[in-house]
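Asks: Using full-length UniProt numbering, the first residue of the sequence shown is number 1, and each one after it goes up by one.
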Amino acid sequence: QVAVLMLTRSDFYPRLIDALPQIVELKRGDGHVDLLAPRDGEIGQIIRVPAAMAGLRFEEDRDSASRLDDVLRDATARQPDALPLLQHLLHALHAQRSDDGL
Numbered sequence: 001q002v003a004v005l006m007l008t009r010s011d012f013y014p015r016l017i018d019a020l021p022q023i024v025e026l027k028r029g030d031g032h033v034d035l036l037a038p039r040d041g042e043i044g045q046i047i048r049v050p051a052a053m054a055g056l057r058f059e060e061d062r063d064s065a066s067r068l069d070d071v072l073r074d075a076t077a078r079q080p081d082a083l084p085l086l087q088h089l090l091h092a093l094h095a096q097r098s099d100d101g102l
């Protein structure tokens, strides 16, 4: 027995079905699970938990007293389609981290 797991973003789904119409039949019954966009608190966890596990901390802006993780969470929550961009940004921040934080 073979199980196949396939993930796709909802905005790519119509193009996927156009390219591979047989997928519609494969996802009948229990073969399809929709995941909702994460809520604000979940976005915060997406940002903070991996950073904490890596021993990193987010810096606070001296002028506004805003923390970078809060700014990222709020911006992503306003635009749920921004999750792939958030992933790219967090990867870039990790690559440019310093001993003082992100």
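Ideal Cβ placement from N, Cα and C applies to all residues, glycine included.
Alpha carbon to alpha carbon, what distance is there between residue 54 and residue 94?
Replies: 10 Å
Asks: Which residues bound the alpha helix (DSSP H) around residue 57?
Replies: Unbroken run through residue 57: none, as it is neither H nor E.
Asks: Rounded to the nearest angstrom, how far is the Cβ of residue 44 from that of residue 73, given a contact under 8 Å?
Replies: 5 Å
Asks: Does the distance from the CB of residue 20 to the CB of residue 8 come in under 8 Å?
Replies: no
Asks: Rounded to a whole number of angstroms, what is the C-alpha to C-alpha distance between residue 11 and residue 3?
Replies: 24 Å
Asks: Which class does residue 67 belong to by DSSP, given the choice of helix, strand or coil?
Replies: strand
Asks: From which residue to which residue does the alpha helix (DSSP H) around residue 28 run?
Replies: Premise fails: residue 28 is in no alpha helix (DSSP H) and is neither H nor E.
Asks: Name the two residues that bound the continuous alpha helix (DSSP H) containing residue 182.
Replies: Residue numbering for the chain in the displayed model covers 1 to 102; residue 182 lies beyond these limits and cannot be assessed.
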